[in-house]
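**Student:** Chains as they are written, first to last, in the numbering used here: chain D, -18 to 239; chain B, 2 to 300.
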Amino acid sequence: MNGLALVGHQFRYDQKAFWRNPASVFFTVMFPVLLLLIFATIFGSQTVDVRGGIKTTTYYVPAIITLSVISATMQSLAMSLVIAREDGRLKRSRGTPMPPWVFIAGRVGNSIVVALIMLALLAAIGRVLYGVPIPWGRLPEIVVVLVVGAAAFSCLGIALTAAIPSQDAAAPIVNALLLPLYFLSGVFIPDDQLPSGVIHFADAFPIRHFFEAFFDAYVPANGAAAAISWGNLAIVAVWGVVGLLLAVRFFRWTPRSG
Amino acid sequence: MAEPVISIRGLRKSYGETEAVRGIDLEVMPGEVFAFLGPNGAGKTTTVEILEGYRRRSGGEVSVLGEDPEHGGREWRERIGIVLQSCRLDPYLTVRESLELYAGYFRSPRPTDEVISLVGLEGKAEERASRLSGGQQRRLDVGMALVGDPELLFLDEPTTGFDPSARRQAWDVIAGLRDLGKTVFLTTHYMDEAQRLADRVTIIARGEIVARGTPEDLGDRESQPATIRYRANGREVSLRTATPVQALHELTGRALERGEDLEGLEVTRPTLEDIYLELTSSSSESGEAEAAEPVEAAE
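(1) Look at the alpha carbon of residue 20 of chain D and the alpha carbon of residue 103 of chain D, and state the distance between them as a whole number of angstroms.
(2) For the stretch 70 to 101 of chain B, which residues have a beta carbon sitting closer than 7 Å to at least one beta carbon of chain D?
(3) Measuring only between beta-carbons, confirm whether residue 152 of chain D sits less than 9 Å from chain B.
(4) Assuming the contact rule is C-beta atoms closer than 8 Å, residue 35 of chain B and residue 200 of chain B should be a hit. Round their C-beta distance to whole Å, please.
(5) Within the stretch 14 to 50 of chain B, note down every full beta strand (DSSP E) run reaching 3 residues or more, in order along the chain.
(6) What's the gap between the Cα of residue 123 of chain B and the Cα of residue 192 of chain D?
(7) Shortest alpha-carbon distance to residue 281 of chain B belongs to which of B:247, B:14, B:71, B:209?
(8) The alpha helix (DSSP H) that contains residue 160 of chain D, what's its start and end?
(9) Determine, for residue 213 of chain B, whether the minimum Cβ-Cβ distance to residues of chain D falls below 9 Å.
(10) Could you pull out every residue in the same chain whose Cβ sits closer than 7 Å to the Cβ of residue 206 of chain B, ignoring the five residues on either side in sequence?
(11) With a threshold of 8 Å, are at least 3 pairs of Cβ atoms found where one atom belongs to the stretch 124 to 138 of chain B and the other to the stretch 94 to 108 of chain D?
(12) Checking 9 Å against the spacing of the C-beta atoms, do residue 202 of chain B and residue 195 of chain B come in under that value?
(13) Could you spell out the range, first to last residue, of the beta strand (DSSP E) harbouring residue 30 of chain D?
(14) Quick one, which of B:66, B:170, B:105 has its alpha-carbon nearest residue 136 of chain B's?
(15) Check each candidate in B:214, B:212, B:73, B:262 and name the one with the smallest Cα separation from residue 233 of chain B.
(16) Helix, strand or coil: how does DSSP classify residue 45 of chain D here?
(17) Less than 9 Å separating the beta-carbons of residue -12 of chain D and residue 83 of chain D?
(18) For residue 20 of chain D, which three-state DSSP category applies?
(19) Taking C-beta pairs closer than 9 Å, name the residues in chain D that residue 302 of chain B reaches, listed in chain order.
(20) Is the Cβ-Cβ distance between residue 42 of chain D and residue 16 of chain D less than 9 Å?
(21) Near residue 173 of chain D, what residues of its chain come up, given a Cβ to Cβ distance below 8 Å and the 5 sequence neighbours on each side ignored?
(22) Kindly indicate the opening and closing residues of the beta strand (DSSP E) around residue 186 of chain B.
(23) Shorter than 9 Å from the beta carbon of residue 17 of chain B to some beta carbon of chain D?
(24) Should residue 126 of chain D and residue 209 of chain D be called a contact, given that it needs their Cβ atoms to be closer than 9 Å?
(25) Pick helix, strand or coil for residue 208 of chain D, following the three-state DSSP scheme.
(26) Run through the stretch 207 to 278 of chain B for me and flag every whole beta strand (DSSP E) of 3 or more residues, listed as ranges in chain order.
(27) Measure from the C-beta of residue 139 of chain B to each C-beta in chain D and report whether the shortest distance is under 9 Å.
(28) Beta carbons nearer than 7 Å to chain D: which residues of the stretch 36 to 47 of chain B have them?
(29) Taking all protein chains shown into account, decide if residue 236 of chain D is buried (16 or more other Cβ within 10 angstroms of its Cβ) or exposed.
(30) Quick check on residue 245 of chain B: buried or exposed, where buried means 16 or more other Cβ atoms within 10 Å of its Cβ?
(31) Identify the contact partners of residue 107 of chain B in chain D, using a Cβ-Cβ distance below 8 Å as the criterion.
(32) Would the stretch 7 to 26 of chain B count as touching the stretch 223 to 232 of chain D if we require 3 or more Cβ pairs under 8 Å?
(33) Below 6 Å CB to CB, which residues in the same chain sit around residue 21 of chain B once its five sequence neighbours on both sides are set aside?
(34) Under the DSSP definition of a beta bridge, which residues are partnered with residue 142 of chain B?
(35) I think residue 248 of chain D touches residue 142 of chain D, with their Cβ atoms under 8 Å apart; what is that distance to the nearest whole Å?
(36) Whole angstroms are fine: how far does the CA of residue 68 of chain B sit from the CA of residue 158 of chain D?
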């Protein structure tokens, strides 16, 4: 098999393993759906003071899609790669003729596909249950933003594995990084209720920029604003490149413990 | 004469101050099952991981299938199979899927069904790895190393922690590899495993080779001193002697003179395990009673 065919081969088995793993299905697929249902149920009748006032559900659909993309990429990769590394499975695959980049590409491909599935699922739930329109006209922009974000957060997740010493440490470290930033970046709590200092702080990290870029693509602005917020997307991409460089330098295939 | 598959000259490996491997030489010929035997911490895994290309050596020359493992590329990896000392399987893939995933990594893999029967997992092909017993998982692990149809197979402690029947099954699988003409580099800390499977055995202890030969040579019990054991006044007495006939004569003669009995009298030759333990124990920690030569130690 040539490189690309091999990536496809790896991807097929990663998909099987992903959908059969109850933990990955719950945390990556069910949990964002649950969050959307909870937020929409609790705050559904209110409005959010952005874009001159929008329905809360219109705010939360792109917010939770943002979360689900980060969850399918950074969170899922950091956890599953650390588990595979400490199991010795990465080391074993390194002992075969498969080039290392093929393995990583298969995993990243798996994450991006899951992120796209989450986009479709959450957008459909938003449309059917809460009447949040799906911006079909902007689909290309939405997919571009999502794929750039998914790739960047995949790189960050792979880089993060280098800082996780054991399987047990994976979930606490990943959640300690992501959960506060979801709150501070306006994913859980709408922008209009966050102090500006908090938003400035969150601007130092990629989640806020990815959320803004995705929100701009998903929720049409009044007037003729560009569908893609290139500034925010560029910052996300730079984070991704930094993650990639760190991953290339520090990623390890052999177990750290035992 | 054929070229050796593995050739090592003066191999050294240090971790900081500690020297794990202190200048070892060995050769493995095509088609042989070579056992590298030693206790935990003797330097076995360090050596095998240098041969597999996972670790860099500190000194010496190493050639595996004609290449330096530190620079072994994709072509070289097509020709070797590796079973790591501890490695789990993907719990969510079936036996067949795990093998097919790995088959895709190699240019000319062995057919999956053939591998399944080689490792004795017929009837388990559609079972997920998480539902297999420990012994079955290990055999699938071996199958994943065989799927590329390698010339050379590394097995690092393949039966550690197994119950006797699982060990027996794993041995059958490894014995079958010899029939396929594979060269096998087996590390183990079980003397009986080496004896059962290997054409040649090399024993390593504290980073140095302490013995090498065929299992028959190493297990030459006739040339080993015998141990005489009995109880006197409720105390265990154990003597070691190169001349058991004479020692017994004196002992029983004295006992008859004094009208004493020698309860539980027995004369034993060391087992293979004893020989191995003696070769690999350092002089400071040989705690066995019989280590204190010469005769009449425990009186």
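No residue lacks a Cβ here, since even glycine has one placed at the ideal position from N, Cα and C.
**Tutor:** According to the structure shown:
(1) Start at 1 with the first residue of the first sequence, and residue 20 of chain D comes out as number 39. Start at 1 with the first residue of the first sequence, and residue 103 of chain D comes out as number 122. Whole-angstrom Cα-Cα distance: 13 Å.
(2) Of all residues in the stretch 70 to 101 of chain B, 75, 78, 79, 83, 85, 87, 88, 89, 91, 93, 94, 98 have a Cβ within less than 7 Å of some Cβ in chain D.
(3) On the first sequence, residue 152 of chain D is found 171 positions in, with the first residue counted as 1. Answer no: the Cβ-Cβ gap between residue 152 of chain D and chain B never drops below 9 Å.
(4) On the second sequence, residue 35 of chain B is found 34 positions in, with the first residue counted as 1. On the second sequence, residue 200 of chain B is found 199 positions in, with the first residue counted as 1. A Cβ-Cβ separation of about 7 Å places residue 35 of chain B in contact with residue 200 of chain B under the 8 Å criterion.
(5) Fully enclosed beta strand (DSSP E) runs of 3 or longer: 19 to 29, 34 to 38.
(6) Here residue 123 of chain B corresponds to residue number 122 of the second sequence, with the count starting at 1. Here residue 192 of chain D corresponds to residue number 211 of the first sequence, with the count starting at 1. Straight-line measurement puts the Cα of residue 192 of chain D at about 51 Å from the Cα of residue 123 of chain B.
(7) Residue numbering aside, residue 281 of chain B sits at position 280 when the second sequence is read from its first letter. It is B:209 whose Cα lies nearest to the Cα of residue 281 of chain B.
(8) By 1-based counting over the first sequence, the position of residue 160 of chain D is 179. Looking at the DSSP string, the run of the alpha helix (DSSP H) that includes residue 160 of chain D is 148 to 165.
(9) Sequence index remark: in the second sequence, residue 213 of chain B carries index 212 (1-based). At a cut-off of 9 Å between beta carbons, residue 213 of chain B makes no contact with chain D.
(10) As a working note, residue 206 of chain B is residue 205 in the second sequence. Cβ within range, chain order: 39, 40, 43, 280, 281.
(11) With the cut-off at 8 Å, the stretch 124 to 138 of chain B and the stretch 94 to 108 of chain D do not touch.
(12) As a working note, residue 202 of chain B is residue 201 in the second sequence. As a working note, residue 195 of chain B is residue 194 in the second sequence. Yes, Cβ-Cβ distance for residue 202 of chain B and residue 195 of chain B is below 9 Å.
(13) Along the first sequence, read from residue 1 onward, the residue named residue 30 of chain D stands at position 49. Looking at the DSSP string, residue 30 of chain D is not in any beta strand (DSSP E), and its letter there is neither H nor E.
(14) The residue given as residue 136 of chain B occupies position 135 in the second sequence. That would be B:170, whose Cα lies nearest to the Cα of residue 136 of chain B.
(15) Taking the first residue of the second sequence as 1, we reach residue 233 of chain B at position 232. For the residues B:214, B:212, B:73, B:262, the minimum Cα distance to residue 233 of chain B belongs to B:262.
(16) To locate residue 45 of chain D, count along the first sequence from 1; it is residue 64. In the three-state reduction of the DSSP assignment, residue 45 of chain D falls in the helix class.
(17) Against the first sequence, residue -12 of chain D aligns to sequence position 7. Against the first sequence, residue 83 of chain D aligns to sequence position 102. The beta carbons of residue -12 of chain D and residue 83 of chain D sit closer together than 9 Å.
(18) The residue given as residue 20 of chain D occupies position 39 in the first sequence. In the three-state reduction of the DSSP assignment, residue 20 of chain D falls in the helix class.
(19) The displayed coordinates of chain B run from 2 to 300. Any statement about residue 302 of chain B would go beyond what the structure contains.
(20) Looking up residue 42 of chain D in the first sequence gives position 61. Looking up residue 16 of chain D in the first sequence gives position 35. No, these two residues do not count as a Cβ contact at 9 Å.
(21) Here the question's residue 173 of chain D lines up with position 192 in the first sequence. Apart from the 5 residues on each side of it in sequence, residue 173 of chain D sits with its Cβ closer than 8 Å to the Cβ of 29, 30, 31 in its chain, given in chain order.
(22) Translated into the one-based positions of the second sequence, residue 186 of chain B becomes position 185. Unbroken beta strand (DSSP E) run through residue 186 of chain B: 184 to 189.
(23) Translated into positions along the second sequence, residue 17 of chain B becomes position 16. Cβ-Cβ to chain D under 9 Å: no for residue 17 of chain B.
(24) Residue 126 of chain D sits at position 145 when you count from the first residue of the first sequence. Residue 209 of chain D sits at position 228 when you count from the first residue of the first sequence. Between residue 126 of chain D and residue 209 of chain D, the gap from beta carbon to beta carbon is short of 9 Å.
(25) Taking the first residue of the first sequence as 1, we reach residue 208 of chain D at position 227. Coil, per DSSP.
(26) Here the runs fully enclosed are 209 to 214, 227 to 233, 236 to 242, 264 to 269.
(27) As a working note, residue 139 of chain B is residue 138 in the second sequence. No, residue 139 of chain B lies away from the interface with chain D (no Cβ there is under 9 Å from its Cβ).
(28) Going along the stretch 36 to 47 of chain B in chain order, one finds no residue with a Cβ nearer than 7 Å to chain D.
(29) Here residue 236 of chain D refers to the residue found at position 255 when the first sequence is read from its first residue. Label assigned to residue 236 of chain D: buried.
(30) The residue given as residue 245 of chain B occupies position 244 in the second sequence. By the neighbour-count criterion, in which a residue is buried when 16 or more other Cβ atoms sit within 10 angstroms of its Cβ, residue 245 of chain B is buried.
(31) Residue 107 of chain B sits at position 106 when you count from the first residue of the second sequence. The contacting residues are 77, 78.
(32) At 8 Å Cβ cutoff, the stretches do not touch.
(33) As a first step, residue 21 of chain B is located in the second sequence; it is residue number 20 there, counting from the start. Cβ neighbours of residue 21 of chain B beyond the five flanking positions: 14, 44, 47, 208.
(34) In the second sequence, counting from the first residue as 1, residue 142 of chain B sits at position 141. Paired residues: none, contrary to the question.
(35) This structure cannot speak to residue 248 of chain D, because chain D is shown only from -18 to 239.
(36) Taking the first residue of the first sequence as position 1, residue 158 of chain D is located at position 177. Taking the first residue of the second sequence as position 1, residue 68 of chain B is located at position 67. Cα-Cα distance, rounded: 45 Å.
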